[in-house]
Structure formats: structure tokens, C-alpha cells
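Pasting the structure below:
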């Protein structure tokens, strides 16, 4: 049901301007500039990357179930574009409470949530086992970085497991108690301790009568909730904030884009870079849009004049659409798609800095 | 060679065992004397000690080639837990930076686990070439044999690798290998003088039970009835993931006293570890699984192995049923089959191998590239698999054949019409032979399940001469009776539902829960 709610919310915000597969890429956390830009433009950034285990097949199944249930209907004859039915609007209103939408901060925590959770899992498993003098256990994760981190922390804690566990209990308890019992319960059942392995996705879905998708989403939601609560008042949660401390929060630009950035700073032209790297010009354009989104001092003027920028912004307000084609049709033909995307990227940045 | 300390002392020091199990010491002594050895040891007999111990006490590096990444990683963890740090597993899950770090320090490891795919890599080979490689271990060596039930084309390139590594001592290990597979292993590795150490794989504490039913509904009823009678740790093997999932659900509703879960290769890592460990820990009683479950599982008190679908070969059956009763106590292997089941395996074999259409498409694809004068293959393996609609293994098989016959060299196509036609015919022949071979293997299974003679005798007779008599009951043809079976039973876990607050407290060992258990 949570997943349904998220799909419906996305469809609603996308306003018939994007196909359903853009929702799939969004929740899956596709590292493409288009997806990230859409997340910003349509204010769906909270859902970015919150369901990385989703498959296209399952997503399509969910989608057609929503159509069958009379909650979604196709827009005109356009393939893959949907809009909400009146029924769906009411449904969203009635279920707002249960949808946990406020838990999610996808774009902010998508990069750190998983590492944070794996660290927490392995730390609890290690502390509880060693407290009971049990040193031969199979770790819940074999992520190399997580293992190395826990090893370091374990050395620091050095036979003070009892105190560390007590703090963990106090901190986790004080955050989880703010949540509905069911959500807290799903989260706690997932944890592994001494001679007590956590439940699998499927076991949780049986026990709580949830779909596998919703189990994933509740877990992700609770993790995001923990992260945002910790970030608000780090002083109240010394152990938990220690776990996240060195995890890089910022969404990183892709490796490929950073190479392009380096070459640009050496004054190579876009065409030269494209030839040197054996990449299409459009790929280099994507990189530059990515840089425009994330680099604080990105010089957009180098790619489009001030007047033209203003023209795009004016049109943007008039047509009231983020659809590139709509904008392109209403501006001077000299202005390219690439330039429009740059203006949107930079402009979005300004807006989100404002709020 | 000079050997002042008895091997048993090392065994005690590094592995905490007092004595060797059957075969271990002989195999270890062989390699310490520099002899190549083929070791066929039953599952659960401690194969890994055969190479881990020499790796620890010998100078130079030991390389273990294993197709099972998760098993590799588990072993590395166990060794590290036992304070042996000079060990590393190189696998495709590592990111490039991690791999580079490992490569530059490669000389500092005594024991290196690697997948057969990665061992074909130039960068790795060039590092290994400059080191002293004392021993190369081929784990699951039956994968090298085209007749093996788990053929891996990458294994065929191992003999070349051995040459590049300056002819180290070779240890080939398997839990299952018929005489013809043994010959094939020795031949493929190019070591005709390999010392054979073959140990019997019969298990005297397992009784074999064959039951014919009309359909899956009756299978389910039978299983439910059994688990109402016995509360025991058990595995139920399926060939289909979907049926494993579905059956786990059905059993759960009918057997509320049991904790039941499913396990297959399509699950995410975290879930797989948690199901596996819950079972090890006694939190779960019954697992509905595919063959992906069990490799490296070290649970000693599994009492019953049910086969819900027919195995494709007796070898894989012996391996899977061998996971029961490692503690030596009375256990049972139950095979359930219905007349309808006889069609499923033939189809599975068909899908496993590429067929003539695939072969024709392959050559059309290559010919097309030649006509366009694109002699370099630029598509990735994955793209080619998609284009030809074949599986990863099928493409590897084709590719190996193409390289072997000089049609592809260093990723370039070499065109020679006559050679191509000849090769196409050869590949066709190989495919046909393999299909017939697998078909025969399947007939062995069919014959066995319908056999009226002692099932124990008939199961093992192609693998070893003679077998030990059953300690407990023998088989359903020798008068096996469920009512006379008295397995060690497990206690019923109470499925008490408590609040998350209490659970969290208990989990983190806080307060009054501190002293429990």
C-alpha cells in the first residue's frame, strides 16, 4: 500500500509530463542527470533511490494493478503516461497518515542510508556476541568497508560493550518510540544479535502482512527517519551520530562527469573532450548539466547568455511546464535543449537554496 | 623434505582438531612431497583442510580456484577468525580500487582464493607470474569435466594457466566424480601422473526412501503428515524457485509448530545470510530451497532431506542427501515423485545447453560482422548473450570453442570458410554428445527410483566398489518404516510475540534479559 501511495504521489506531481518509467528510475535511484533533475523539478526528491531492490517487472505489475483498480488512467494516447482518477485523489487523501511519506529524504540520505544500516547491524551483532564471549559468528554483511569500520570501532570500545549497548538502546528507543509501533517493530525484527538472526524480507512480510515492497520501504523510511532525527540534534545521539559521522552525505557527481569537469577546467572544448574520451557530445552535455546541479560556483554564463537565460525563465513561468519540449517550442530557435536544461538546473538550485 | 613437527600439531594449533579425518593426512603428505593429487572426498569431510594446512606450513603461495564466491568468502572469514591473516579472496565483487590494493600486496599472501574467471585476467596473471606459486588447488574439480554436472568452460583454461605459473604442484578436489569424470579431470589438467586418492562417499547413517505419489498436492500432504509426526531440522530441495516459495507458504499454514522459510539464489544477500544463519542457529526448522542452498553449510543435525523434484544426476543427489546427519545420527533421504515429474528434467536439460538454432545464429552473427569488415568484437559478453538470446554459460561454452578453433583470437575474428564449416560441425557434435550424456545420466536417475533392489547398493555402485551396511534402517526396498524411525527431535520454539520495546532490550542484552540464555 505504501508503494502504491508513492507511485500515485509521483504520478500526481509529474502532471502528465513524464512517463511511468521515470518513476521507476526515480525510486530505483538511477544515477542519471535526467532522473536527478526530475526529482528536483517535480519535488519528488524525497523518493529518490528509496527502493533500490525494485525490478522493472514488479514495478510494471504494480502499475497495471493500479490501473485495474481504477486509480490510474492513461493520458490520451500517450504511451506510458498516466494521471490520477478522482478515486485516486480521494484514496491519497484518506491514506495520507499510513503512507509514511514524511519519513523519506531520498536525495539527502540515499547515498548513506545503506552504509549506516549495515554499520549499525554489524556493530550490534559484534557487540552482543563479544559481550557473551562468542567470537565465532558469521557476520550479517560481508561488505568490506563496513567490516573494516566495525573493526576499528570495536577496538575503540575495547571491552566496554555493556556501556555501548546501553547507549545504543537508549538512543534507538528514544527515536523509535516516536514512530507507530508496527514500524518500530519491523525495524527491530530486522536486527541481528547474539544467537538471534534478524528476519528476512519475506519473513517480515509474512509476519506483518505487508507486501515485500512495503517491507523494504518501511525499513528505508525508518532508516531515513533515524538519520534525519540524528542530524537535527547530534548531541542527543552520540553513538548513532558517530556511526554516520564520516559517511559522505552529499550526492556525488559521477566519476565520468568529474573527468569532464577536469578537462573543462583545462580549457578543452566540449567537442575536444568528446573526441578525446570517445564519448558522444550529448554525454558531455549530460556531464555539464550534472555539474550545473551540484557545483556551487558553476558558471552558467559560459554556455548561455544572460538575456537568453532570462528568456527561458520567462517562458518557464508562462507555459507553466517543465517539459523541455514545451519550453523549446516557445523560445528563440537558437536556444538549444542543452542550454534550457542548464538554466533549469541552475534555477532549481536557486529555488531550493531559498527554502 | 624436512619435517620435524608432526602434522597433527599444526592441525591442533590452527584448526583445533586432535586428529585428521579420512583422507586428509594422505592428501596433505602427497602435496608436501610435491606430488600432484586428485582427491575425491565426500561432502562434509573437511576438504578445505587438505590445502589450508599446506598453505600455512609451506613457503610460497597457494592458489585456490573455486567457482563458489560465497564459499570462498566464508572460508576466508573462518581462517581470519582462527588468526590466520595471510589469506585473501579475489572476486568480481571487489571494486577496482580494492583489487588494486590487493594486487600490489599479492606477494604477502600465503593463500589466495580466486574465481576461474578472474584467473584468466592479464593483470592478475602478470602479478602471479613473478611469485613463487607452490600449490594450485582446483576446488570442485568436476566443473572442469564436460561430463560433470556443473561444467564451467573457464576451468578448461586452467592447464594453460598452470604452465604460465611455472608448473606448480596441483591438487584437484571434488566430492563427486565418476571414474569417467576423474579421467577427464586428469586429462584436462594435463597431469597424467596425478595420484588418485578416492574415498568412499556412502553414508551408513542415512536411510533412503522412495515414494511415488500422484501429484504435487499429494506431495504436500505427505510432507505435512511427516512433519506433524517428526519435529526435526530438514531441507526440502526443489528445482524451481517459484515452487519452493509457494510450498514454503503452504507448509507454513499447515505446520504452525514449525518455523519454515525458503531460500534460493534470487534473494538479496542480507536475506540469504539471515535465512542460512537462522537455520544454523535453530531459529528455523525447515528450509524449502534450490541447489543454491547447502554449499558450505555446516549444520550437523539435519535429519531429513526431501527431494520434491527429481535430481538431474545421481551425483547431485548424493551430494545433496549427504548434508543430512553429519553428526552420524540416524537420518533419512526421501525422494517424492509423481509420473508427471518425469518430463520436467528433460526440458531442463534442453534449456541448459545451446541448441542448433543458437549455433546457427552465432555463426550468422559472426559472418555479419565479417561482411561489414568489423573484425574486432566490440560488444560485451552481456550484449552478445542478449543478442543471441543465450545464457552466460552457453556463451562461454561457444566462446571457448571459437577460441580453441582459432575463429576468435584476442577478440578479433579470423575468417576462413572451410575452418568455420568444420568447426560448426564439431561444435554440433559436442552439443549432441553432451545432450545424450545428460540424458543418460537422467535415465540412471529414472532407473534408480524404479529399482526394486537395495537402493543403497544401486545408488553407490557406479561410484565406488562396495559400501558399508546401514547403521540404522537401510532403504524403502529393504523394509524401511517411518514408524520405526526414531530421530533426535528438536524442541518447539515458542512463537511468543512480544513488544518491540522488549525485543530491542533483549537483543541489546539490556537489564533483566542480561542473564538469560
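Chains as they are written, first to last, in the working numbering: chain A, 30 to 384; chain B, 570 to 1086. From the three backbone atoms N, C-alpha and C, an ideal C-beta is built for every residue, glycine too.
Within chain A, not a single residue places a beta-carbon under 8 Å from that of residue 946 of chain B; the smallest gap is close to 17 Å.
Look at residue 312 of chain A here: in three-state DSSP terms it is helix. Judged by DSSP secondary structure, residue 665 of chain B falls within the alpha helix (DSSP H) whose first and last residues are 665-673. Counting the other Cβ atoms within 10 Å of the Cβ of residue 340 of chain A gives 16 or more, which makes it buried. For residue 667 of chain B, the chain A residues whose Cβ falls inside 7 Å of its Cβ are 173, in order along the chain. Any Cβ of chain A closer than 7 Å to the Cβ of residue 985 of chain B would place that residue at the interface, and such an atom is absent.
Taking the CA atoms as reference points, residue 165 of chain A sits about 13 Å from residue 585 of chain B. The three-state reading of DSSP puts residue 834 of chain B in coil, since its state is none of H, G, I, E or B. When rounded, the separation of the alpha-carbon atoms in residue 654 of chain B and residue 142 of chain A is 31 Å. In this chain, residue 124 of chain A is not harboured by any beta strand (DSSP E); it is covered by the alpha helix (DSSP H) spanning 115-124. In this structure, residue 612 of chain B places its C-beta atom within 7 Å of the C-beta atom of residue 744 of chain B.
In its chain, beyond the 5 residues on either side, 37 and 100 have a beta carbon closer than 6 Å to the beta carbon of residue 117 of chain A. In the structure shown, the three-state DSSP call for residue 686 of chain B is coil. Under the three-state reduction of DSSP output, residue 748 of chain B falls in the helix class. Residues of the stretch 847-881 of chain B that bring their beta carbon within less than 7 Å of a beta carbon in chain A comprise 847, 850 and 852, in sequence order. Residue 1054 of chain B has a beta carbon lying at 7 Å or more from every beta carbon in chain A. When rounded, the separation of the alpha-carbon atoms in residue 874 of chain B and residue 236 of chain A is 26 Å.
Counting other Cβ atoms within 10 Å of its Cβ, residue 656 of chain B reaches 16 or more and is therefore classed as buried. Along the length of the stretch 144-191 of chain A, whole beta strand (DSSP E) runs at least 3 residues long do not occur. In summary, residue 72 of chain A is exposed, with fewer than 16 beta-carbon neighbours lying within 10 Å of its beta-carbon over all protein chains present.
Residue-level contact check: residue 157 of chain A touches chain B, since one or more beta carbons of chain B fall below 7 Å from its beta carbon. For residue 253 of chain A, no beta strand (DSSP E) segment is defined; the enclosing uninterrupted segment is the alpha helix (DSSP H) at 241-261. The beta strand (DSSP E) runs of length 3 or more contained entirely in the stretch 889-964 of chain B are, from start to end of the chain, 900-906. Cβ neighbours of residue 130 of chain A within its own chain (closer than 8 Å, five residues either side excluded): 34, 35, 38 and 75. From the beta-carbon of residue 1072 of chain B, the residues of chain A found nearer than 9 Å are 214, 217, 218 and 220.
In the three-state scheme derived from DSSP, where H, G and I count as helix and E and B as strand, residue 59 of chain A is classed as coil.
Separation of residue 258 of chain A and residue 787 of chain B (C-alpha to C-alpha, rounded to the nearest whole angstrom) is 54 Å. At a cut-off of 7 Å between beta carbons, residue 1079 of chain B contacts chain A. Assignment of residue 79 of chain A by DSSP, reduced to helix, strand and coil, places it in the coil class. Between residue 640 of chain B and chain A, the shortest Cβ-Cβ separation is not below 7 Å. Straight-line measurement puts the Cα of residue 835 of chain B at about 28 Å from the Cα of residue 800 of chain B. Per DSSP, residue 742 of chain B is one residue of the beta strand (DSSP E) stretching across 738-743. Contact check between the stretch 819-830 of chain B and the stretch 791-811 of chain B: three or more CB pairs, one atom from each, fall below 8 Å, which counts as touching. Between residue 196 of chain A and residue 272 of chain A, the C-beta spacing is not below 7 Å. Of all residues in the stretch 646-662 of chain B, only 646, 647, 650, 651 and 662 come within less than 9 Å of chain A when Cβ atoms are compared, listed by chain position.
In the DSSP assignment, residue 707 of chain B forms a beta bridge with B:634 and B:741.
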